[in-house]
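*Asks:* Numbering (UniProt numbering), first residue to last: 1 to 247.
1) Using a threshold of 7 Å, state whether the C-beta atoms of residue 202 and residue 237 are closer than that.
2) Residue ranges of each alpha helix (DSSP H) run of no fewer than 4 residues wholly in the UniProt domain "DUF218" (75-231), ordered along the chain?
3) With a CB to CB cut of under 8 Å and the five nearest residues on each side skipped, what residues in its chain are close to residue 156?
4) Among the residues of its own chain, which have a CB less than 6 Å from the CB of residue 121, if the five just before and after it don't count?
5) Measuring straight from C-alpha to C-alpha, what distance separates residue 246 and residue 159?
6) Could you give the uninterrupted runs of the alpha helix (DSSP H) lying entirely in the segment 7-47, keeping only those of 4 residues or more?
7) What's the call for residue 111, buried or exposed, on a 16-neighbour Cβ count within 10 Å?
8) Does the distance from the C-beta atom of residue 104 to that of residue 174 stay below 7 Å?
9) Quick one: using the 10 Å Cβ neighbour count with 16 as the cut-off for buried, is residue 168 buried or exposed?
10) For the structure I just gave you, are there three or more beta carbon pairs, one from the segment 85-105 and one from the segment 58-67, closer than 8 Å?
11) From what residue to what residue does the alpha helix (DSSP H) around residue 63 run?
12) Report yes if the CB atom of residue 171 is closer than 7 Å to the CB atom of residue 74, and no otherwise.
13) Within the same chain, show all residues whose beta-carbon is closer than 7 Å to that of residue 52, passing over the 5 residues directly before and after it, in chain order.
14) For residue 182 and residue 228, which I take to be in contact (beta-carbon distance under 8 Å), what is that distance rounded to the nearest angstrom?
15) Which residue wins for smallest C-alpha separation from residue 136, given the options 98, 189, 29, 226?
16) If you draw a straight line from the C-alpha of residue 19 to the C-alpha of residue 234, how long is it?
17) Does DSSP put residue 73 in a helix, a strand or coil?
18) Measure how close the beta-carbons of residue 210 and residue 61 come, nearest whole angstrom, since I'm counting them as under 8 Å.
19) Give me, in chain order, the residues of the same chain whose beta-carbon lies closer than 7 Å to that of residue 39; leave out the 5 immediate sequence neighbours on both sides.
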């Protein structure tokens with residue numbers, strides 16, 4: 001009974017509610033017979049939303065992007081910002097940035113060294129690097145060990161401005177699991193020695209019945225994954241075109 005209640009609940013909240021509406025619409029159009037093309041269209045649209053909203057799909061795509069961690073041999077820890085949340089006059093680290101900062105602190109505890117926090121304000125407001133720096137200080141990182149980079153608005157600028165601050169030194173890169181592959185590709189164009197430790201698992205997948213039911217979390221993670229896949233493709237095209245120009 002509990003499982004049935006949970007499943008029904010998922011189909012009366014977004015995105016399940018939208019899927020339910022589309023499939024009811026498809027059934028209604030099919031019954032009318034004259035609108036079979038519309039019925040097929042709405043059914044397929046609902047199916048696409050369904051597949052893109054379940055944890056299983058995000059899990060499979062995440063496995064394609066995931067990169068196994070390397071050893072932590074960097075002279076510097078470099079933490080990439082992943083957004084801050086602003087609500088009125090309150091500002092705090094977003095979920096992704098918090099997890100990255102916690103992983104950086106874990107590495108710092110094992111081997112204290114300089115930590116570069118990189119991330120500016122994409123639109124307006126306080127740079128996320130400033131918020132990350134304060135959180136790390138509150139956790140116990142020596143303020144003199146923190147290097148704050150507040151100009152970067154994307155991964156390429158993270159790499160560029162970090163390089164300008166510390167030069168070509170061995171680094172341990174810290175970012176989210178699904179972002180690491182793209183971040184490595186970008187940072188290795190500037191740094192000769194890049195170690196990497198991932199944080200921020202993309203999805204809670206336990207191969208249970210709820211992992212095959214559409215959820216808002218699944219839909220959100222799918223959008224993040226498509227963003228990373230498109231970003232990887234863009235970097236690949238950019239690097240190939242750059243190589244051709246050099247040749």
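A virtual CB, placed ideally from N, CA and C, is assigned to each residue, including glycine.
*Replies:* The relevant details are as follows:
1) Contact check for residue 202 against residue 237 fails: the beta carbons are separated by 7 Å or more.
2) As far as the UniProt domain "DUF218" (75-231) is concerned, its whole alpha helix (DSSP H) runs of at least 4 residues are 95-110, 128-139, 155-166, 177-187.
3) Within the same chain, residue 156 has close Cβ partners 186.
4) Cβ within range, chain order: 127.
5) Below a pLDDT of 50, predicted positions are generally treated as unreliable, and residue 246, at 45, falls in that range; the measurement from the model is reported next regardless. Computed Cα separation, rounded: 21 Å.
6) The DSSP assignment places 16-32 as complete runs of the alpha helix (DSSP H) inside the segment 7-47, in order along the chain (cut-off: 4 residues).
7) With fewer than 16 other Cβ atoms within 10 Å, it is exposed.
8) Contact: yes.
9) By the neighbour-count definition (other C-beta atoms within 10 Å, threshold 16), residue 168 is an exposed residue.
10) As far as the Cβ criterion goes, the segment 85-105 does not touch the segment 58-67, which means the pair count is below three.
11) Note, residue 63: alpha helix (DSSP H), 55-65.
12) Result yes, Cβ atoms of residue 171 and residue 74 sit closer than 7 Å.
13) Beyond the five residues adjoining it in sequence on each side, residue 52 comes within less than 7 Å, by CB distance, of 219, 222 in the same chain, given in chain order.
14) Between residue 228 and residue 182 the Cβ distance is about 6 Å, and since that is below 8 Å, they are a contact.
15) Closest by alpha carbon: 98.
16) Looking at the backbone, the Cα of residue 19 and that of residue 234 are separated by about 32 Å.
17) In this structure, residue 73 counts as coil in the three-state DSSP scheme.
18) Not confirmed; about 18 Å, so no contact.
19) Counting only Cβ-Cβ distances below 7 Å, and skipping sequence neighbours, we find 26, 29, 30.
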